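> In our numbering, each residue's number is its place in the sequence shown (first place is 1) plus 508.
We put the beta carbon where it would ideally sit given N, CA and C, even for glycine.
Only a predicted model underlies this, so the values are computations on that prediction, with no experimental measurement involved.
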Amino acid sequence: MKRMAMSLMAAGLMAAAAFAQTSEVGQRRENQQDRIAQGVKSGQLTAGETSNLEKKESAINQEVRTDRSLNGGKLTGQEKQTVNRQQNQMSKQVYNDKHNSNTAHYGNNQVGQRRQNQQDRIANGIQSGKLNAGQTARLEKGESNLNKEVAADRSANGGKLTGAEKKQVNNQQNQVSNKIYTAKHK
509 MKRMAMSLMA AGLMAAAAFA QTSEVGQRRE NQQDRIAQGV KSGQLTAGET
559 SNLEKKESAI NQEVRTDRSL NGGKLTGQEK QTVNRQQNQM SKQVYNDKHN
609 SNTAHYGNNQ VGQRRQNQQD RIANGIQSGK LNAGQTARLE KGESNLNKEV
659 AADRSANGGK LTGAEKKQVN NQQNQVSNKI YTAKHK
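1. Residue 606 and residue 547: beta carbons closer than 8 Å?
2. Which residues bound the alpha helix (DSSP H) around residue 585?
3. Candidates 662, 561 and 571: which alpha carbon is nearest residue 533's?
4. Would residue 659 be called buried (16 or more neighbouring beta carbons within 10 Å of its own) or exposed?
5. Roughly how many angstroms separate the alpha carbons of residue 662 and residue 573, rounded to a whole number?
6. Round the Cβ separation of residue 540 and residue 599 to the nearest angstrom and send it over; I've been treating them as touching at under 8 Å.
7. My output table needs one value for residue 609: the three-state DSSP class, helix, strand or coil.
8. For residue 558, name the three-state secondary structure that DSSP assigns.
9. Would the beta-carbon of residue 631 be found less than 7 Å away from any heavy atom of the ligand ADP?
10. Do residue 652 and residue 559 have their C-beta atoms within less than 8 Å of each other?
11. When burial is assigned at 16 or more other CB atoms within 10 Å of the CB, is residue 672 buried or exposed?
12. Rounded to the nearest angstrom, what separates residue 535 and residue 579 at their Cα positions?
13. Given a cut-off of 8 Å on the beta-carbon distance, is the pair residue 643 and residue 691 in contact?
14. Note down the Cα distance separating residue 678 from residue 666, rounded to an integer number of angstroms.
As structure tokens, this is what we get:
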């Protein structure tokens, strides 16, 4: 009876340690995602900055999954320190990107409003957990490329888009919108 109680207690302690390990890394990741989502929603993070942050977050997440799969679902002490250091670096980069002079300004026109709406949808997907870091990075890279294209078109035309360019941007925004929907509902 004593052995059984000791075995149950040991199993319980191991499960609690694994849960604490999982929840500590997972909670930190969740907090980072919330900060990124808030930055996207407020316009403090541009699409390019968000893509870069999410790409790095995705790499950390993949490293944790790989380390755990190699160690029976746990992280070693050294791996925990490495992940903690990486998350500290990510936290600093989120802060720096949110507080630099780059902001996401989309303008007061239909194109700008649509881009803002799509950024809000991405931010909501991050916050709700429907979008993971890899999906967000890909979506934001597409948004960033579209933003650059619109800026180049406007620069070439004295600050305005031609009718054909508006139509092309609308088609591209439709594609981005479909990608956002698909990623959020997989």
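The structure says:
1. yes
2. 585 to 606
3. 571
4. exposed
5. 44 Å
6. 7 Å
7. coil
8. helix
9. Inclusion of the ligand ADP in the displayed structure is not the case, the ligand content being empty and no account of it being possible.
10. yes
11. exposed
12. 21 Å
13. yes
14. 20 Å
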